[in-house]
Amino acid sequence: MRWIVLAGVLAIAPAALAGANNDDCSDAIMFSSLNSHVFGDTSAATDDTGFATCGTSLTAPGVWYSLVGDGTTITVTTCSENTGYDTKLNVYCNSCDTPICVGGNDDDFGNPDCNFPQGIGLPSTVTFCSQDGATYLILVQGFGGAVGPFELIVSSDGVACSNPVACMSTGEVTNDSCADAIGFSSLNGTVQGTTIGALQDDDPGVGTCGTSFSAPGVWYEFIGDGTTVEITTCGSDITNYDTKINVYCGSCGDLTCVGGNDDGSPSGATDPNCVIPETGSTFNRASFMRFCTQAGAHYYVIVQGFAAQVGDFELTIRSDGQQCSGAIGCLPTGACCSSSGCSVTTQIGCDTLGGSYLGDNTNCGDGGYTEFMTCSNTLEDISGTGTIAAFASSGDDNAEEVGIPFTFTFFGATYNSVWVSSNGLLQFPPSTELEADDFTNDPIPSTLTPNRIISPLWDDLTTTAGTANVFVETRGTAPNRRFIVQWNDVPQLAGGGGMTFEAILFETSNAIEFRYLTVVAQSSPPNDYSIGIENDDGTVGFSVPDTSVVSGSCFRIEPIPVMSPCDDQEPCPDMDNSGLVDLSDLARLIASFGRSVGDPGYDPVPDFDDSGTVDLSDLALLLSLFGLPCP
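Residues in the sequence shown are numbered consecutively from 76, following our numbering.
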């Protein structure tokens with residue numbers, strides 16, 4: 076092949092068009108100047124394999140060029156009247172064997188220089204901040220298999236830029252494997268790292284963990300303390316590529332998935348702290364995870380990347396310092412009797428509390444629930460006073476985690492937060508936005524995810540309409556507060572009128588009420604709403620037939636009180652948690668007196684001794700404390 080170089084112009088002689096000597100990345104033609112151009116043709120090129128999507132997918136044979144960055148902003152473009160087909164550009168750096176995505180483009184919309192007269196399609200442009208001394212690899216290819224002639228123009232603005240995609244490692248990667256994980260010295264700290272030079276990791280064998288393995292990664296580790304922990308690459312100028320995070324617990328040879336995240340923020344909405352300018356996207360590209368840890372459990376974190384990307388990052392770990400529940404089971408748990416009462420934790424966690432551990436798989440007593448009962452309470456409208464759940468109110472299939480200002484016990488486990496979904500569903504952690512925004516409204520109970528749910532009206536709903544919103548508010552005073560979640564004027568995605576309803580979680584009693592202002596009967600498919608509650612694994616649940624739910628309905632369900640294994644006293648007959656054993660408690664017992672399990676009207680709550688019948692022993696206990704608070 077003969078080359079003609081004229082005043083910074085690299086031109087291909089016509090005879091060269093019979094072949095493409097720069098068909099392979101390893102044969103890339105180097106630009107001698109950052110203000111230059113070259114004529115080329117992809118007609119004789121072959122498809123490129125082994126290169127990940129970078130800004131735009133690889134859809135046609137292409138040819139390669141290279142240049143060396145100088146720390147300025149560089150633009151490469153095929154926008155020229157000499158370009159005769161619909162091009163695509165991909166820019167990588169580092170090397171052909173371990174390419175790092177810098178950016179890519181299919182059509183340079185809005186650029187008048189790209190509206191060339193052939194009318195075949197739009198040329199392409201990529202602009203990027205270059206790293207001084209780094210080698211950049213440029214692939215000129217085409218849309219939908221297209222090939223043809225082009226002019227590739229390279230220019231530099233001559234101004235030093237900041238935050239280039241990291242193309243050259245600044246040091247040796249020492250934590251390239253789980254066994255070599257770098258430990259955090261505390262649960263509130265920051266570490267800077269790079270995945271440049273790391274090797275592709277094998278899947279740990281537990282399947283996709285929140286997000287797939289798609290790039291080389293590096294490992295970190297820490298010991299849980301029973302609090303809620305956040306792990307993130309957001310909020311740092313050092314993070315300069317599209318990261319992913321996976322979190323596991325256990326040991327390197329026997330890992331359990333805790334979760335993972337690709338593009339995230341605490342709410343799931345676009346967060347400026349999670350936007351990475353170097354990616355050219357205004358959406359989240361850094362990663363965020365929040366999860367409850369088990370005291371004493373060993374956690375492993377891998378920082379990797381999207382679509383084979385590598386780069387630099389800053390990883391931050393934060394603990395809220397508050398004991399949490401609902402952690403993924405990394406260590407066995409049991410009941411712990413401490414000065415604060417009974418709690419379910421690990422043996423290490425119980426030792427930290429100064430308590431007495433009752434053994435693995437013991438609990439603090441879970442008597443189950445009564446069936447749903449009708450009630451006469453009307454909807455407490457919080458649409459004018461409550462706080463809007465912004466992300467759950469902003470579209471279709473959205474969910475966000477919100478705090479509960481008191482400890483709520485659900486199927487024997489305690490929680491201080493809950494995921495609120497636009498689809499008429501609440502789910503207790505641990506969860507993800509993807510799981511909590513489920514619209515399939517499975518039967519209750521069902522082992523299909525999501526589980527740990529409270530669903531006043533679960534269906535494929537949407538908050539895209541301007542008047543459709545989800546509100547949260549806490550009313551009352553401790554220890555009798557009410558946490559209210561209200562879906563306001565929310566229609567089905569398939570159409571129809573808006574519906575207004577709410578779920579109320581009661582402090583101390585841990586009762587749950589569903590109240591309905593407006594319900595629209597479902598026509599297709601008919602009677603398809605899922606209404607009820609479900610335990611952690613979906614094996615136990617209580618439901619309300621959706622044909623029973625109409626405008627103005629109210630349903631209530633209560634946990635059946637049981638004696639704590641840490642407490643020798645009798646069960647408390649103050650069933651309404653008024654602070655006294657009074658006439659309302661007596662009336663409830665009398666209404667079920669003499670009835671046994673299976674009888675119509677049997678109420679398990681006043682069956683204080685769990686004999687299966689509301690009898691004289693239950694009445695005697697109530698009368699012995701009548702007019703008094705429970706001891």
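Built from N, CA and C at the ideal position, the CB exists for glycine as well.
Please state whether the Cβ-Cβ distance between residue i and residue j is less than 9 angstroms.
i, j, result
"Cys-154", "Pro-198", "yes"
"Ile-214", "Tyr-167", "It is Leu, not Ile, that sits at residue 214 in the sequence shown. Cβ atoms of Leu-214 and Tyr-167: closer than 9 angstroms."
"Ile-423", "Ala-488", "no"
"Val-419", "Ser-400", "yes"
"Ser-496", "Gly-470", "no"
"Val-177", "Val-240", "yes"
"Asp-346", "Phe-363", "yes"
"Ile-635", "Pro-679", "yes"
"Ser-699", "Gly-607", "no"
"Asn-321", "Phe-288", "yes"
"Val-333", "Cys-405", "yes"
"Cys-129", "Gly-179", "yes"
"Gly-285", "Gly-335", "yes"
"Gly-409", "Asn-438", "yes"
"Asn-473", "Glu-508", "yes"
"Trp-494", "Pro-504", "yes"
"Asp-621", "Asn-526", "no"
"Val-595", "Gly-627", "no"
"Asn-563", "Thr-575", "yes"
"Cys-367", "Cys-641", "no"
"Asp-207", "Asp-276", "no"
In the DSSP output, which residue or residues are listed as bridge partners for residue i?
i, result
"Thr-593", "Thr-575"
"Tyr-432", "Cys-411"
"Asn-359", "Val-350"
"Glu-633", "Partner(s): none; Glu-633 has no beta bridge."
"Asp-116", "Pro-224"
"Leu-262", "Beta-bridge pairing links Leu-262 to no other residue."
"Asp-471", "Thr-537"
"Arg-557", "Arg-550, Phe-581"
"Asp-329", "Ser-326"
"Val-215", "Val-138, Leu-164"
With distances taken from CA atoms, which of the options is nearest residue i?
i, options, result
"Phe-114", "Ile-351, Thr-134, Asn-97", "Asn-97"
"Asp-690", "Ser-667, Asp-674, Leu-700, Leu-703", "Ser-667"
"Val-222", "Asp-116, Gln-267, Asp-387, Ile-298", "Asp-116"
"Asp-122", "Phe-581, Pro-136, Asn-110", "Pro-136"
"Gly-459", "Asn-544, Ser-260, Ser-108, Tyr-160", "Asn-544"
"Gly-292", "Phe-381, Phe-259, Ser-231", "Phe-381"
"Ile-579", "Gly-571, Gly-572, Phe-589, Pro-174", "Phe-589"
"Thr-463", "Gln-397, Thr-552, Thr-538", "Note that residue 463 is Ile in the sequence shown, not Thr. The candidate whose alpha carbon is nearest that of Ile-463 is Thr-538."
"Glu-455", "Leu-592, Ala-569, Ser-659", "Leu-592"
"Asp-183", "Val-619, Asn-169, Thr-131, Thr-173", "Thr-131"
"Gly-654", "Cys-412, Val-637, Asp-172, Gly-702", "Gly-702"
"Asp-674", "Ile-403, Ala-586, Glu-446", "Glu-446"
"Phe-581", "Ile-559, Gly-570, Met-574", "Ile-559"
"Ile-528", "Gly-219, Thr-484, Ala-540", "Thr-484"
Identify, in the order they occur along the chain, each residue of the same chain with its Cβ nearer than 6 angstroms to the Cβ of residue i, setting aside the five sequence neighbours on each side.
i, result
"Glu-305", "Arg-365, Arg-393"
"Ala-361", "Thr-308, Cys-309, Thr-314, Thr-318, Cys-349, Ile-351"
"Gly-708", "Outside the displayed span of the chain (76 to 706) sits residue 708, for which this structure offers no information."
"Phe-106", "Leu-142, Val-229"
"Tyr-295", "Ala-256, Ile-257, Val-376"
"Cys-327", "Cys-253, Ala-254"
"Gln-561", "Ile-457, Phe-546, Glu-577"
"Cys-204", "Thr-148, Cys-236, Pro-239"
"Trp-78", "Because Trp-78 carries a pLDDT of 34, less than 50, the predicted location of this residue cannot be relied on, and the following value inherits that uncertainty. Hits under 6 angstroms: none found."
"Ser-521", "Gly-613"
"Ser-468", "Thr-538, Asn-544, Val-545"
"Ala-93", "Unreliable positioning characterises Ala-93 in this predicted model, as indicated by a pLDDT of 43, which lies under 50. A coordinate reading is not provided."
"Asn-169", "Ile-175, Cys-242"
"Ser-639", "Cys-417, Cys-439, Gly-440"
Can you give me the Cβ contacts of residue i inside the same chain, cut-off strictly under 7 angstroms, excluding the 5 residues immediately before and after it?
i, result
"Asp-693", "Leu-664, Pro-681, Asp-682, Phe-683, Asp-684"
"Val-138", "Ala-95, Asn-97, Asp-98, Gly-115, Thr-117, Ala-120, Val-215"
"Gln-384", "Ile-175, Cys-176, Ala-290, Tyr-316, Asp-317"
"Leu-697", "Pro-648, Val-656, Asp-660, Leu-661, Leu-664"
"Thr-449", "Cys-629, Phe-630"
Please work out which residues of its chain come closer than 8 angstroms, Cβ to Cβ, to residue i, disregarding the five sequence neighbours upstream and downstream, and give them in chain order.
i, result
"Asp-534", "Asn-498, Gly-499, Phe-514, Asn-516, Gln-567, Gln-597, Asp-603, Tyr-604, Ser-605"
"Asn-263", "Ile-392, Arg-393, Ser-394"
"Gly-217", "Thr-117, Thr-134, Ala-135, Pro-136, Gly-137, Tyr-160, Asp-161, Thr-162, Lys-163, Gly-223"
"Gln-397", "Thr-302, Thr-303, Asn-491"
"Asp-426", "Tyr-432"
Mind pulling the beta strand (DSSP E) runs of 3 or more residues that sit fully within the stretch 167-203? Here the runs fully enclosed are 174-180.
Whole alpha helix (DSSP H) runs in the stretch 278-310 with 4 or more residues, listed along the chain? Counting only runs that start and end inside the stretch 278-310, there is no alpha helix (DSSP H) element of at least 4 residues.
Beta strand (DSSP E) runs wholly inside the stretch 480-532, at least 3 long, in chain order: 488-496, 500-502
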